[in-house]
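These notes concern the structure reproduced below.
2 protein chains.
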Amino acid sequence: MSGRLAVVGLGPGDARWLTPEADAALAAADALYGYGPYLDRVAVRPGQARHASDNREESARAAAALRHAAEGASIAIVSGGDPGVFAMAAAVCEAIEAGPATWRALDVTIVPGVTAMLAVAARVGAPLGHDFCALSLSDNLKPWELVERRLDAAASAGFVIALYNPISRARPWQLGAAFERLRRQLPPTTPVVLGRAAGRSDEQIAVTTLADADPGSADMATLIIVGSAATRTIARPGRPPLVYTPRAVEGVPS
Amino acid sequence: MSGRLAVVGLGPGDARWLTPEADAALAAADALYGYGPYLDRVAVRPGQARHASDNREESARAAAALRHAAEGASIAIVSGGDPGVFAMAAAVCEAIEAGPATWRALDVTIVPGVTAMLAVAARVGAPLGHDFCALSLSDNLKPWELVERRLDAAASAGFVIALYNPISRARPWQLGAAFERLRRQLPPTTPVVLGRAAGRSDEQIAVTTLADADPGSADMATLIIVGSAATRTIARPGRPPLVYTPRAVEGVPS
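Listed in order, the protein sequences are those of chains B and A. Note that this note's numbering has the first sequence beginning at 30, numbered continuously upward. Note that this note's numbering has the second sequence beginning at 30, numbered continuously upward.
So, in structure tokens, the structure goes:
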């Protein structure tokens, strides 16, 4: 069995965040699979096949790529950011578990990347400098009640919260409901960072507070970081503010 | 004020995880600051100064680098992994907030990187494929009772848990206590991944269960991922098992 499958993280939009390992894995593939806009970021070389699919078709894409690899080809599936964070690596594992035994014999490699929360955090300072969690707001794959329970647990225990998949046309109210939920636990002055399209030419980074956070200013390409009660903002003359969460909990010397 | 400070993430040990942006930021610096073993991974060019310090001296290192930048130099501070995750970016922000006004006028850039939990997750599959949190087990900067509260909150709400700074000579019992605490909430079969020195020549990745997880097999260079009750292991003939957390919560169609 010579088939190979690499699940490759492209990082957020900026090509300067694509690792050399990811670059090499893309170049080595006979065929590339992925969501169209991610594939558009990859320079396809002559002779390399390109299979674009919609972003709601992760399971079908994983199965198609595994079938192709099982024929002996070297395949790369691309993900934006890191493939292990709300992305293709889990979809591939699910397909392998449910699929034929031949798929378990394949050489499968996951190539990590810079995930969106790290890129957005870097743009503003160090909001993830203390304990934090990453939570998908999509209730396509879990009940909304569970999202609320996790928001409550994370906020009350003092985790900074990175929200992936905050809003879409099919899920218009969830982000507003999440902000409402978090306002029950966190001070109105808690810093909130809305990072849209980090690393792309249309990047927009906004720093606001939980009291003022407007779900209408987020879209599918936005990653949101909600601070903990310890997260701070440093005003800077002529520069955007820095947002960070101190390493030490108040009262403990650093 | 022409001084510049870049806080640069090197990624975990493998140079193939160093992003082009990080590479460029390192090359552009007049002087490099960092923990010695991280600096050893950087090719110092002629004329570039190198200031190594101990890993317990983050605050002093941040202040020294800021002072140097305020003299008009272009400085890079290096971090392993991502500088925003339990690393130098927060230490720099703390120093800026506490320091002289001139430090707030500096051009400060954070260069993100692949953080250890993403690299370790990639080695085994997709354990972070669903909601997860990152928690430092060090009680140097927060009380142990708070660590326990966060472990309880994260495990009971169904987050996968990545543990940073699990153990050191000065903190020998904390990881064992954390496993004990998690055993109260999670099934004994919960997958646990111990990823040591990911990307380095002495890399060791082990997959076990919460019942069998042995704190003695971890050290300072180990990143640990404790699954949720939903995390699964796929046995593969002739290959290491895959560990992943399904995207969908049981009962919700994917």
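No residue lacks a Cβ here, since even glycine has one placed at the ideal position from N, Cα and C.
Check the Cβ-Cβ distances between residue i and every residue of chain B, and say whether any is below 8 angstroms.
i, result
"V278/A", "yes"
"L68/A", "no"
"G63/A", "no"
"T219/A", "no"
"E100/A", "no"
"T260/A", "no"
"L95/A", "no"
"A119/A", "yes"
"S108/A", "no"
"P216/A", "no"
"G42/A", "no"
"G32/A", "no"
Quick one: list the residues of chain B neighbouring residue i, beta-carbon separation under 9 angstroms, in chain order.
i, result
"F161/A", "V114, C162, A163 and L164"
"P266/A", "A130, R133 and A134"
So for residue i, helix, strand or coil by DSSP?
i, result
"H159/A", "coil"
"L192/B", "strand"
"R75/B", "Contrary to the premise, residue 75/B reads as Pro rather than Arg in this sequence. Correct three-state label for P75/B: coil."
"P141/B", "coil"
"Q288/B", "Residue coverage of chain B in this structure runs from 30 to 283, which leaves residue 288/B outside it and unanswerable."
"R178/B", "helix"
"R152/B", "helix"
"G38/B", "strand"
"P244/A", "helix"
"L239/A", "coil"
"L135/B", "coil"
"L204/A", "helix"
"S88/A", "helix"
"P49/A", "helix"
Quick one: using the 10 Å Cβ neighbour count with 16 as the cut-off for buried, is residue i buried or exposed?
i, result
"M146/A", "buried"
"E123/A", "buried"
"G113/B", "buried"
"L50/B", "One detail in the question is off: residue 50/B reads as Glu in this sequence, not Leu. That one is buried."
"E279/A", "exposed"
"E86/B", "exposed"
"A227/A", "buried"
"G42/A", "buried"
"R179/B", "buried"
"P129/B", "exposed"
"G38/A", "buried"
"R229/B", "exposed"
"R268/B", "exposed"
"D136/B", "exposed"
Using a cut-off of 7 angstroms between C-beta atoms, extract the partners of residue i located in chain B.
i, result
"L157/A", "G113 and V114"
"R178/A", "A186"
Name, please, each residue of chain A whose Cβ falls closer than 7 angstroms to the Cβ of residue i.
i, result
"I253/B", "In chain order: nothing, as chain A lies at least about 14 angstroms away."
"L211/B", "Simply none; closest approach about 14 angstroms."
Counting only the same chain and skipping the five closest in sequence on each side, list residues whose C-beta sits under 7 angstroms from that of residue i.
i, result
"I263/B", "P270 and L271"
"R212/A", "L239"
"R133/B", "I125"
"T219/A", "T238, L239, V255, G256, A258 and T260"
"L215/B", "A184, L239 and A258"
Spatial neighbours of residue i within its chain, please: C-beta separation below 6 angstroms, excluding the five flanking residues on both sides.
i, result
"Y62/A", "H80, R90, A94 and I106"
"A191/A", "M146, A163 and I254"
"Y193/A", "F115 and S165"
"D59/A", "A102 and S103"
"R210/A", "E177 and L180"
"Q233/A", "R225"
"A235/B", "L223"
Find the residues of chain A that neighbour residue i, judging by a C-beta separation of less than 8 angstroms, and give them in chain order.
i, result
"F208/B", "Per Cβ cutoff of 8 angstroms: no residues; F208/B is ~18 angstroms from chain A at best."
"R79/B", "Near R79/B there are no residues of chain A at all, since even the closest Cβ is about 23 angstroms away, more than 8 angstroms."
"L192/B", "Those within 8 angstroms of L192/B in chain A number zero; the least Cβ separation is about 10 angstroms."
"E123/B", "Y273, P275, R276 and S283"
Does any CB atom of chain A fall closer than 8 angstroms to the CB of residue i?
i, result
"T1/B", "The shown model of chain B, from 30 to 283, leaves out residue 1/B, and the question about it has no answer."
"E50/B", "yes"
"I263/B", "yes"
"W46/B", "yes"
"T199/B", "According to the sequence as given, residue 199/B is Ala; it is not Thr. A199/B does not count as touching chain A."
"P275/B", "yes"
"E86/B", "no"
"P141/B", "yes"
"E126/B", "yes"
"G256/B", "no"
"G154/B", "yes"
Quick one: which chain A residues come within Cβ less than 9 angstroms of residue i?
i, result
"T131/B", "Residues of chain A passing the Cβ test: none, with the nearest at roughly 11 angstroms."
"E232/B", "Here the premise fails: no neighbours, minimum Cβ distance about 14 angstroms."
Among residues of its own chain, excluding the 5 on either side of residue i, which ones have a beta-carbon nearer than 8 angstroms to its beta-carbon?
i, result
"I196/A", "L166, Q203, L204, P244, A247, D248, M249 and T251"
"R74/B", "A56"
"S88/A", "A120, E123 and A124"
Give the interface partners of residue i over in chain B, defined as CB-CB distance under 8 angstroms, in chain order.
i, result
"P244/A", "Going along chain B, no residue has its Cβ under 8 angstroms from P244/A, so there is no contact; the nearest lies around 20 angstroms."
"S185/A", "A182"
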